[in-house]
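One structure is given below, encoded as structure tokens.
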Amino acid sequence: MKSEFIALDKAGEEEEWLQNFLEDIPYWPKPVMPVCIHYDSQAAIGRAGSIMYNGKSRHIRRRHNTVRELLSSGIITVDYVKSKDNVSDPLTKGQSREGVERISKGMGLRPRINQHDGDAASWGDGDGEDDDDDDADYDYAPAA
1 MKSEFIALDK
11 AGEEEEWLQN
21 FLEDIPYWPK
31 PVMPVCIHYD
41 SQAAIGRAGS
51 IMYNGKSRHI
61 RRRHNTVREL
71 LSSGIITVDY
81 VKSKDNVSDP
91 LTKGQSREGV
101 ERISKGMGLR
111 PRINQHDGDA
121 ASWGDGDGED
131 DDDDDADYDY
141 APAA
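Here the sequence shown stands for residues 1 to 144, where the numbers follow UniProt numbering.
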């Protein structure tokens, strides 16, 4: 739970900075809308909205107070997302090949096509050829 609060606090601080930055831009539409943070820890979401904190770590208490203040002031909102639908999972834990492909497509990524021969580029040594002979490898690039 501590790591979830540290991450939530850090995301909230980044959003608060971004919101202050956007409010300083003269022609930016006001008020700046809050950012919704999608989170896969129901315990951390529940604890974030709670007034009471019964932990013993002072640095986590400070983070809890910061997140609670950002929520109550409307700078951020936090919504639950199931782990299987969380598109950031490949960045935080190991995934199967199918899981990486599914989530990469969910992020809007597509297989990179080699410009020379039209085949999908390999994860291998960069020569564009499939290094293992059992199936094609894909290198994902942002969708245009």
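Glycine is no exception: its CB is placed at the ideal position from the N, C-alpha and C atoms.
Bear in mind the structure is a predicted one, so any value in this text is a computation, not a measurement.
Nearest to I103 (by Cα), restricted to the options N86, P111 and L18: N86
DSSP bridge partner residues for residue 150 (one or two, in chain order): The first residue shown for the chain is 1 and the last is 144, placing residue 150 beyond what the model contains.
Proximity winner among K105, Q95, S50 and N20, relative to N65 (alpha-carbon distances): S50
Close-in-space but distant-in-sequence residues of the same chain around S57 (CB under 8 Å, 5 per side omitted): K2
Where the alpha helix (DSSP H) containing N20 begins and where it ends: K2 to D24
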